[in-house]
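Numbering (my numbering), first residue to last: 3 to 226.
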């Protein structure tokens, strides 16, 4: 049995992930370099081999339906949702004094499928549910149908001068996304509203002291 310090490899939603911990013990623990996002070299090599296999079989598709990136996004999002639920139930158990579900505590209660538009294409995840209905995942808020990164993509394309129709066509061709001009307009309109609110904000909340005092060498304060 050996002891390693750094990163260990675990499985989350069917995906091998490297996580940072203090010190781990066990003959099955692996220690290896990881990428900036915590991906193990082993996983990256597996992805490279998969890309080579797909290319040899007739072509590699990254985004859109049948692409590798949406599948990876699905696994990672699913793992993140499961982790959020685990944390939620643990917190509620502490607040309830450690009572189990039979004593009025909370517990898992199945899943609901949800289709989400991401920046790499459409993804279907199973959002965990809890018996008391208090779980509110931060990754995917209750009524969210797309990720914030997709909104950023739409705004970026708008900033480059593309019309709503051109953005819809681009998302369909490159990312395999079926969206509408109305959805694109809602994203841009909300961004414009936020900008307008920022421009008209009270300046006192941003600059509470427009003419700050200057401390002189002798310790006295002088107004600018």
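The beta-carbon is built from N, C-alpha and C at its ideal position, and this holds for glycine as well. Since the model is a prediction, treat every value here as computed from it, not as a measurement.
{"Check": "Going by beta-carbon coordinates alone, are residue 127 and residue 76 separated by less than 8 angstroms?", "Outcome": "yes"}
{"Check": "CA-CA distance, residue 138 and residue 132?", "Outcome": "10 angstroms"}
{"Check": "Keeping to the same chain, check which residues put their C-beta closer than 8 angstroms to that of residue 157; ignore five residues upstream and five downstream.", "Outcome": "189, 190 and 193"}
{"Check": "Could you give the C-beta distance for residue 107 and residue 94, rounded to a whole number, given that I count them as a contact under 8 angstroms?", "Outcome": "7 angstroms"}
{"Check": "With a Cβ-Cβ cutoff of 8 angstroms, do residue 183 and residue 170 count as a contact?", "Outcome": "yes"}
{"Check": "Since I believe residue 123 is in contact with residue 179 (beta carbons under 8 angstroms), could you give me their beta-carbon distance rounded to a whole number of angstroms?", "Outcome": "6 angstroms"}
{"Check": "Give a yes or no on whether the C-beta atoms belonging to residue 176 and residue 65 are separated by under 8 angstroms.", "Outcome": "yes"}
{"Check": "Just tell me which of 140, 90 and 116 has its CA closest to the CA of residue 109.", "Outcome": "90"}
{"Check": "What residue range does the alpha helix (DSSP H) around residue 177 cover?", "Outcome": "166 to 177"}
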